[in-house]
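> Quick note on numbering: the numbering used here labels position 341 of the sequence shown as 1649, and the sequence is numbered without any gaps.
Just so it is clear, CB atoms sit at the ideal spot from N, CA and C, and this is done for glycine as well.
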Amino acid sequence: MQIGILSEPTDQRVALVPEVIKQLIGGNNQVLVESGAGDQSYISDQDYIESGAKVTNSTEIFGSSELIISINKLPLESYDQLQDGTAVISSFQPFNDVIISKELSIRNLTVFSMDMVPRITLAQAMDVLSSMASIAGYQAVLQAATHLPRYFPMLTTAAGTIPPAKVLVLGAGVAGLQAIATAKRLGGVVEAFDTRLAAKEEVESLGAKFVMVEGATDDKAAGGYAVEQSEDYKQKQQALIQEKAEKADVIITTAQLRGKPAPLLVTEATVKLMKPGAVIVDLAASTGGNCELTRNNETIQVHAVTIIGNSDLAQNVPMHASQLYSKNIFNFLKVLITDEGKLNLDLENEILKSSCIAHAGQDLFNRSMNSDR
Ligand code: NAD
């Protein structure tokens, strides 16, 4: 199997690192890497050559690869350069990009979207969402600490005592739990909130306080994802968040609903009541944000509160983000590629069935939207 890795100019990460390429080349695979693809993750062309990859230009990669792997979806016109039947792996987010699976099926590509890999034990080692969310949660706290005009830890000095920063984490999934752990390590006092009751134990095991609103809908059938709440619940929730937000120095929001806009948790009225200098980091910015005032990919100051709207903070740690992404891909390829270096298109396999969004001219994502996804 000829595997192609391209440089992604808007991202500091790279889809495969040399350590993983060495393991892949052990089988019947060759890897082509675009020159400079690893530069921003501090991986040189020479590192790739030493791993056994061929470093070349994008024309050769598009022209001869049987499988293209990227972190972000490439510009649509790039896929026109691929031969019919080429396989591509990326995070296409078909729930948020309603035309992507159709566009790629028209191009007769076999397309796997890593964000569609099911949340089952067997697929845990392929879970790029968790790998990246964990880094984003860690980074969110570091960003908040950098923008906060005060200390995070409690300090007793000759000039007086500084109280610890109060941190409120909204959404205690993968990113939220890492944010809690990081804020605790920095000495913050942390409260966290989630609609899934399962999060309570995890939050408490990290030494944070779990804040609860009674009456949440917690759908076990949603595959680990949260579900939309009733209007009554949303109002109670916003009132409680407002009460907590008034005292908080930092709010980290991570709440997501699969295939829907992020839930609104922090209203403008709540921001107005927050302490001057407080910081909100909104990791749900790309799907509309959990804060009413968030602007995607911007850091703004409103009502003396800094609001950082960035869902892609994993990019800020490109070395480890690339390493984890590569390892997730490697584990996925163990299912997708046979020992002979051929594509294993067993669409009865739960992992491949869920993640394959287009194949043989068919838009598989939209075809199965109303059945088993
Ligand atoms: P996510 O990114 O979809 O959402 C982030 C968090 O926001 C979730 O915890 C969600 O419950 C919460 N949320 C949604 N709406 C909310 C609201 N209105 N108010 C407050 N919180 C709200 O989820 P995630 O972080 O990727 O994962 C969620 C869960 O799935 C985690 O418990 C994780 O451990 C589990 N998971 C399991 C597997 C697996 O078994 N293979 C893999 C990944 C994640």
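So lysine 1635 is in the alpha helix (DSSP H); what residue range does that whole segment cover?
If you number the sequence shown from 1, residue 1635 lands on position 327. Unbroken alpha helix (DSSP H) run through lysine 1635: 1626 to 1644.
> What first and last residue would you give for the beta strand (DSSP E) that runs through leucine 1437?
Here residue 1437 is taken as the residue at index 129 of the sequence shown, counted from 1. Counting along the chain, leucine 1437 falls outside any beta strand (DSSP E), though it belongs to the alpha helix (DSSP H) covering 1436 to 1455.
> Output the residue ranges of the alpha helix (DSSP H) runs that lie fully inside the stretch 1646 to 1681 and measure 4 residues or longer, sorted by chain position.
The qualifying runs are 1658 to 1663 and 1672 to 1676.
> May I ask you to report which of helix, strand or coil DSSP gives phenylalanine 1370?
Taking the sequence shown and counting its residues from 1, the one referred to as residue 1370 is at position 62. If DSSP states are grouped into helix, strand and coil, phenylalanine 1370 belongs with the helices.
> For the ligand NAD, any of its heavy atoms closer than 7 Å to the Cβ of valine 1339?
Translated into positions along the sequence shown, residue 1339 becomes position 31. For the ligand NAD, not one heavy atom lies less than 7 Å from the Cβ of valine 1339.
> Give the C-beta separation of valine 1419 and serine 1409 to the nearest angstrom, bearing in mind that I take them to be a contact with Cβ-Cβ under 8 Å.
Taking the first residue of the sequence shown as 1, we reach residue 1419 at position 111. Taking the first residue of the sequence shown as 1, we reach residue 1409 at position 101. That pair is a contact at about 7 Å.
> Of all the beta strand (DSSP E) runs that stay within the bounds of the stretch 1345 to 1401, which reach a length of 3 or more residues?
Entirely contained in the stretch 1345 to 1401, the beta strand (DSSP E) runs reaching 3 residues are, in chain order, 1362 to 1364, 1375 to 1380 and 1395 to 1399.
> From what residue to what residue does the alpha helix (DSSP H) around glutamine 1546 run?
As a position in the sequence shown, residue 1546 is number 238, starting the count at 1. Start and end: 1539 to 1553.
> When we look at the beta-carbon of asparagine 1636 and count the other beta-carbons within 10 Å, is it buried (16 or more) or exposed?
Position 328 of the sequence shown holds residue 1636. The residue is buried, with at least 16 neighbouring Cβ atoms inside 10 Å.
> Below 8 Å on the Cβ atoms is my guess for glutamate 1600 versus leucine 1644; work out the distance and round it to an integer in Å.
For this step, residue 1600 is matched to residue 292 along the sequence shown. For this step, residue 1644 is matched to residue 336 along the sequence shown. Glutamate 1600 to leucine 1644, Cβ: 42 Å. No contact.
> By the 10 Å Cβ neighbour count, where 16 or more other Cβ atoms means buried, how is lysine 1650 classified, buried or exposed?
Numbered from 1 along the sequence shown, position 342 holds the residue referred to as residue 1650. When all chains shown are included, lysine 1650 counts as exposed.
> What does the Cβ neighbour count give for valine 1406, buried or exposed, with the cut at 16 atoms within 10 Å?
The residue you call residue 1406 lines up with position 98 of the sequence shown. Exposed, because fewer than 16 other Cβ atoms sit within 10 Å of the Cβ of valine 1406.
> Take glutamine 1609 as the anchor and find which of Ile1588, Pro1461, Ala1441 and Gln1401 has the nearest alpha-carbon.
Here residue 1609 refers to the residue found at position 301 when the sequence shown is read from its first residue. The shortest Cα separation from glutamine 1609 among Ile1588, Pro1461, Ala1441 and Gln1401 belongs to Ile1588.
> Of all the options Thr1464, Gly1479, Ser1442 and Tyr1356, which has the alpha carbon lying nearest to the alpha carbon of glutamine 1545?
Counted from its first residue, the sequence shown places residue 1545 at position 237. Among Thr1464, Gly1479, Ser1442 and Tyr1356, the Cα nearest to that of glutamine 1545 is on Gly1479.
> Under a three-way DSSP split, which group does valine 1482 fall into?
Along the sequence shown, one-based indexing puts residue 1482 at 174. In this structure, valine 1482 counts as helix in the three-state DSSP scheme.
> Please report the Cβ distance between alanine 1441 and valine 1498, rounded to the nearest whole angstrom; I am assuming they are in contact, meaning their Cβ atoms lie under 8 Å.
The residue given as residue 1441 occupies position 133 in the sequence shown. The residue given as residue 1498 occupies position 190 in the sequence shown. That belief does not hold up - the Cβ atoms of alanine 1441 and valine 1498 are roughly 17 Å apart, past 8 Å.
> Less than 7 Å separating the Cβ of glycine 1484 from some heavy atom of the ligand NAD?
Residue 1484 sits at position 176 when you count from the first residue of the sequence shown. Correct: glycine 1484 has its Cβ closer than 7 Å to the ligand NAD.
> Kindly confirm or deny that the stretch 1483 to 1490 and the stretch 1443 to 1453 touch, where touching means at least three C-beta pairs closer than 8 Å.
In short, these stretches touch, since the Cβ pair count reaches three.
> Out of curiosity, what's the CA-to-CA distance linking alanine 1506 and asparagine 1657?
Mapped onto the sequence shown, residue 1506 falls at position 198. Mapped onto the sequence shown, residue 1657 falls at position 349. Going by the C-alpha atoms only, they are around 28 Å apart.
> Following a CB-centred definition, is isoleucine 1659 positioned closer than 7 Å to any heavy atom of the ligand NAD?
The residue you call residue 1659 lines up with position 351 of the sequence shown. Outside the cutoff, so no.
> I think glycine 1371 touches isoleucine 1329, with their Cβ atoms under 8 Å apart; what is that distance to the nearest whole Å?
Your numbering for residue 1371 matches position 63 in the sequence shown. Your numbering for residue 1329 matches position 21 in the sequence shown. Not quite, the Cβ-Cβ distance comes to about 20 Å (not below 8 Å), so this is no contact.
> Under the DSSP definition of a beta bridge, which residues are partnered with isoleucine 1560?
Here residue 1560 refers to the residue found at position 252 of the sequence shown. DSSP lists Val1477 and Val1589 as partners of isoleucine 1560.
> So, helix, strand or coil for glutamate 1342, using DSSP?
By 1-based counting over the sequence shown, the position of residue 1342 is 34. Strand, per DSSP.
> Using the rule of at least 16 other Cβ atoms within 10 Å of the residue's Cβ for burial, across every protein chain shown, is aspartate 1388 buried or exposed?
The count along the sequence shown starts at 1 and reaches residue 1388 at position 80. By the neighbour-count rule (16 or more Cβ atoms within 10 Å), aspartate 1388 is not buried but exposed.
> Taking the alpha-carbon of proline 1461 as reference, which of Tyr1633, Thr1646 and Gly1496 has the nearest alpha-carbon?
For this step, residue 1461 is matched to residue 153 along the sequence shown. Nearest of Tyr1633, Thr1646 and Gly1496 to proline 1461, Cα basis: Gly1496.
> Please classify leucine 1621: is it buried, with 16 or more other beta-carbons within 10 angstroms of its beta-carbon, or exposed?
Taking the sequence shown and counting its residues from 1, one reaches residue 1621 at position 313. Leucine 1621 is buried by the Cβ-count criterion.
> Would the beta-carbon of aspartate 1502 be found less than 7 Å away from any heavy atom of the ligand NAD?
In the sequence shown, counting from the first residue as 1, residue 1502 sits at position 194. Yes, the Cβ of aspartate 1502 comes within 7 Å of a heavy atom of the ligand NAD.
> Compare the beta carbon distance of leucine 1340 and isoleucine 1313 with 8 Å and say whether it is the shorter of the two.
To locate residue 1340, count along the sequence shown from 1; it is residue 32. To locate residue 1313, count along the sequence shown from 1; it is residue 5. Contact: yes.
> Report yes if the C-beta of serine 1438 is less than 7 Å from at least one heavy atom of the ligand NAD; otherwise report no.
Looking up residue 1438 in the sequence shown gives position 130. Under cutoff, so the answer is yes.
> Any heavy atom of the ligand NAD inside 7 Å of the beta-carbon of alanine 1534?
Reading the sequence shown from its first residue, position 226 is the one you call residue 1534. Correct: alanine 1534 has its Cβ closer than 7 Å to the ligand NAD.
> Any contact of the stretch 1343 to 1357 with the stretch 1368 to 1384, i.e. 3+ C-beta pairs under 8 Å?
Contact fails: fewer than three Cβ-Cβ distances are below 8 Å.
> Go to glutamine 1310, then tell me how far its beta strand (DSSP E) extends in each direction, as first and last residue.
Locating residue 1310 in the sequence shown gives position 2, where the first residue counts as 1. Its beta strand (DSSP E) spans residues 1310 to 1313.
> Taking the beta strand (DSSP E) that valine 1419 belongs to, which residues open and close that run?
Mapped onto the sequence shown, residue 1419 falls at position 111. Valine 1419 -> beta strand (DSSP E) spans 1418 to 1421.
> Should aspartate 1671 and serine 1438 be called a contact, given that it needs their Cβ atoms to be closer than 8 Å?
The sequence position of residue 1671 within the sequence shown is 363, counting from 1. The sequence position of residue 1438 within the sequence shown is 130, counting from 1. Their beta carbons are not under 8 Å apart, which means aspartate 1671 does not touch serine 1438 by this criterion.
> Assuming tyrosine 1533 and arginine 1566 form a contact by the criterion Cβ under 8 Å, report the distance between their Cβ atoms to the nearest whole angstrom.
Reading the sequence shown from its first residue, position 225 is the one you call residue 1533. Reading the sequence shown from its first residue, position 258 is the one you call residue 1566. At roughly 5 Å, the Cβ-Cβ gap stays under 8 Å, so tyrosine 1533 and arginine 1566 are in contact.
> Using the C-alpha atoms, what's the distance from aspartate 1319 back to lysine 1381?
Taking the first residue of the sequence shown as position 1, residue 1381 is located at position 73. Taking the first residue of the sequence shown as position 1, residue 1319 is located at position 11. Cα-Cα distance, rounded: 11 Å.
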